[in-house]
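These notes are about the structure you will find just below.
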Amino acid sequence: MFHEAFWTHDYTSGVNVLFEKLKQGIEENAQVLAFISGWMRIESRLASDLGQLARHAAPSSHRGFSRDDGAVLKQTFTSYLAETETTAILHSRVAENLENKVHNPLEKWCQGHAKRVVDCENRLKAKLAEYTRLLQHVLKQRQVYYARSRQQEDAVDVKFEPVASTIRIFRENFMHPQTPMLDSEAEAFEIAGLQYTRSQLAKLMQKLLKDVTMQEYKVPLFGPYEHVSSGANIAASTRRHLKNDSIAYSEKFGQALVDQGFLKPVAQISNKFESSHTCYYQWQDNAFSLGVVAQVTELPTDPPEPSVEKAPSEGSEKGAQTPDMITEGEEYFQQVLELDIYRCEMEVEIAGVYEYMERCETDRISAIRHALGDFALFSQRPDDHREILRRLMNSKALVDPAQDVAELAAQYRTGPLVPTVTVYQGYNGAYCQTFGVEIKHSGFLVPLLLDYLAELDVPLTAWTEPYKLEDVYKLRGQINTGKPFKLESLKHFSVEVVVGVFREFLLELPESILPFTIYDTVKALYENDVTDQHLVSALLHVSKPSLEALKHITKYMTEQYPEDLEKLAKALALYLFRPRAISAICLHDKHPQLLILELLNRGDDIFESVEDKAKVSVRNKKSAPVAAHPSSPAASRLSPPRFSTPKRDVQPNLIPLSLTPERPANDRPRSRGFNITKGLGIQGPNANPN
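Positions 1 to 690 (UniProt numbering) are the ones given, in order, by the sequence shown.
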């Protein structure tokens, strides 16, 4: 229970919640011990007081009962004194029994339990501190690597800037002469080399504002800034919505947002945009006002995506890299691998400690239960207090350790384990891993493993029961290469481990196969009367690679387990459809399970409807009157970009006679996106001839 309940994105919060409850258990132990100890002291004091009373009240000297030796009253009083001494002895014996048979053993056990809890907490804190240190090293090394890459890219841009300026002027003024704007919708915005209509940019801005994490950022002397996001967060959101994995392009896009007034650097001297967790930018009012344009009451639909040229892979530019870039890139990659290995080891250890702490908490409750039973037995005299003893023993019988532990896990759980994977991100979008990267780069694993499992007898429990992280991570480490592998390597592992690796792959995806963006939409649908049309509209936002993976999974499950689809839907909900951040609010959501069950039962019909509607949408986009890319004929009718930088005035029928720009290259606006060595096929001094 504990190993499935106390996980968070940063790991630390879940650990803290559990150990806070375990320390509460230590305090409960102290309270029980204090109660028994107090009863013990009362019994000892009562025994002492009764003994003293019997001795002081005994007949003495020649007064009172001492003078009438044969009187019956004196004999009666003397017998009462004797019984008082006997009662004192009984209370003394109760105190001794409570001390030796209840208090002392329980106190010794509680001391050992407290030591076990503190030792485990210190062990995990040390692990988490080392993980944080390695993570900071990776982020720092990534910044160094990106800085080297930017310097090299800037150096190439400066060298070929004269040629690039002339070609750019020629393209803008002769190949696409400007014509008057037709209407307000044709108003164009140029961002990072691409032109958007107002509605296209409004929809894109709405997505960005909804996706990025905003916070209040305090600057000394200047006070708090609202609506602030880190550069790394903005760049990551840009890559997701532009479907471009290049860090360089996401930084160029962010720089364009800064240049055109949508973003404002916070506590920075320059206006440079960097994909960094330490650089912060404030969203300006015009970004929000533009995003409001895209607000609609119906289900959201994707805006026409601009034609973005995919960045080349890291390997294709090795020849253009400097030795420093290669060294920094390799160091970054090695640190990512080291962090990934350490994270897996840490998760295995945390899971092991959680299981151990669950046993310790169960034993603690059992020990207290046993001690209370002994207390009831030794603190009473059965002959005189039989009814009290019966009630105490009944109360003790109500204590159920397993139920208490389950209640603790259910009431204070922070969420299941969803690993926080740090992957290698090449400057131009290259990946070297299979786990933790987007499905479009790692989707080959889905049919590969499912086709392998289809040939084997896989029990249902392999999909519905928890798997051992240690065994799963061994196989994960062997196949986490970013490339398909030979199936022979799987034969050394049990089928449960292979299924566990597949489930781990789904958990480590940066976004679940059913995307975060439709989580709340689907939840709202199932809270009302959901229809197939609504489901199809929502599933249109699932990317093609994710849709293909989902089809493979549902087909496999329906063929292998046709009678157990409800159990599978419940077990697979976390792996296929989860929110961006798991919190107490969404722990009990049922709509992921309902949607998965719907897809398992009627997946073929739903997927066919989604594909048909997607084809219609593509045809409509192709027939749109305004093209998204500036090289299209329709783009020539657009007005000049409202926020673009001023252009040189060139007469429309004259060809420039000189390739020399009007101002030096070091005075030009920053533009790292257009690389003349690639755009014109010119061989730079470090270019790869192949």
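Positions of the beta carbon are idealized from the N, C-alpha and C atoms, including for glycine.
- Met205 is not a Cβ neighbour of Leu263, given a cutoff of 8 angstroms.
- In this structure the segment 482-492 lies against the segment 445-463, because at least three pairs of beta carbons, one per stretch, are closer than 8 angstroms.
- Around the beta carbon of Arg133, fewer than 16 other beta carbons lie within 10 angstroms, which makes this residue exposed.
- The beta carbon of Gln593 is closer than 8 angstroms to those of Ala569, Lys570, Ala573 in its chain, skipping five residues each way along the sequence.
- The C-alpha of Arg41 is placed about 46 angstroms away from the C-alpha of Ala584.
- Judged by DSSP in its simplified three-state form, Tyr332 adopts helix.
- The beta-carbon separation of Leu98 and Trp7, rounded to 42 angstroms, does not stay under the 8 angstroms limit for a contact.
- The DSSP assignment places 439-442, 445-454, 461-464, 469-479 as complete runs of the alpha helix (DSSP H) inside the segment 433-491, in order along the chain (cut-off: 4 residues).
- Linking Glu153 to Ala147 through their CA atoms gives a straight-line distance of about 10 angstroms.
- Sorting Ala267, Ile269, Ser276 by C-alpha distance to the C-alpha of Gly254 places Ser276 at the top.
- Per DSSP, reduced to three states, the secondary structure at Phe253 is helical.
- Trp109 and Glu83 have their C-alpha atoms spaced approximately 38 angstroms apart.
- Taking the Cα of Gly436 as reference, the smallest distance to any Cα among Val536, Tyr196, Gly482 is reached at Gly482.
- As the crow flies, the alpha-carbon of Glu511 is around 56 angstroms from that of Ser37.
- Check the Cα spacing between His441 and each of Leu139, Lys207, Asp245, Thr420: the tightest is with Asp245.
- Approximately 6 angstroms separates the beta-carbon atoms of Pro579 and Phe516; this is inside 8 angstroms, confirming the contact.
- Tyr356 sits in a helix when the DSSP states are folded into three classes.
- Nearest to Gln560 by alpha-carbon distance, out of Phe35, Trp463, Glu611, is Trp463.
- Between the segment 265-283 and the segment 203-220, the count of Cβ pairs shorter than 8 angstroms is three or higher; the stretches touch.
- For His227, no alpha helix (DSSP H) encloses it; the enclosing beta strand (DSSP E) starts and ends at 223-230.
- Asp564 and Arg602 have their C-alpha atoms roughly 15 angstroms apart.
- Ala54 places its beta carbon 8 angstroms or farther from that of His91.
- Rounded to whole angstroms, the Cβ separation of Ala351 and Leu469 is 5 angstroms, and the two are in contact under 8 angstroms.
- Within the same chain, Cβ atoms closer than 8 angstroms to the Cβ of Gly477 are found at Ile341, Cys344, the five residues on either side in sequence being excluded.
- With contacts defined by Cβ atoms closer than 8 angstroms, Leu535 and Glu611 do not form a contacting pair.
- Contact between the segment 319-334 and the segment 101-108 is not established, with fewer than three Cβ pairs separated by less than 8 angstroms.
- Between Val530 and Val499, the CB-CB gap reaches or exceeds 8 angstroms.
- Taken through DSSP and simplified to helix, strand or coil, Tyr281 comes out as strand.
- Inter-residue distance for Ser379 and Ile365 is about 21 angstroms (C-alpha atoms, whole angstroms).
- DSSP assignment within the segment 544-569 yields the following whole alpha helix (DSSP H) runs of 4 residues or more, N-terminal first: 544-560.
- Residue burial is scored here from C-beta neighbours: Phe35 has fewer than 16 other C-beta atoms within 10 angstroms and is therefore classed as exposed.
- Beta-bridge pairing by DSSP links Val219 to Gly223.
- Three or more Cβ pairs closer than 8 angstroms define a contact, and the segment 223-236 meets that threshold against the segment 271-287.
- In terms of Cβ geometry, Val336 and Tyr424 form a close pair [threshold 8 angstroms].
- For Leu263, the enclosing beta strand (DSSP E) covers residues 263-266.
- In the DSSP annotation of this structure, Pro419 is not part of any alpha helix (DSSP H), being labelled neither H nor E.
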